[in-house]
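Counting in our numbering, the sequence shown tops out at residue 259, every number present. Backbone N, C-alpha and C fix where the C-beta goes; we use that ideal spot for every residue, glycine too. Working notes, structure below.
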Amino acid sequence: MPAEVRAEIVASVWKVCVEVGEAVQPGDVLAILESMKMEIPVHAETAGTVRTLSVGEGESVSEGQLLFVLG
């Protein structure tokens, strides 16, 4: 079952650390967000493969916005 990874805060995408098709494990860093000069890592909560990448580096994201789908 696919797992959605969403932004927990309003931020900018500083770095995307994975590509579509890449296998990830729980705890792997998928991306790093930047908000108020703080870097906030986005971790995988489940094992799977990155199916969808919905954002790019430099983009602004809203709280709750879809970032990745893992399957």
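The C-beta distance from Val198 to Val206 rounds to 22 angstroms, too long to meet the 8 angstroms contact threshold. Val204 sits buried, since 16 or more C-beta atoms from the chains shown fall within 10 Å of its C-beta. In the three-state DSSP reduction, Ser248 falls in the strand class (E or B). With 16 or more other CB atoms across the displayed protein chains lying within 10 angstroms of its CB, Gly236 is buried.
Linking Ile220 to Met189 through their CA atoms gives a straight-line distance of about 25 angstroms.
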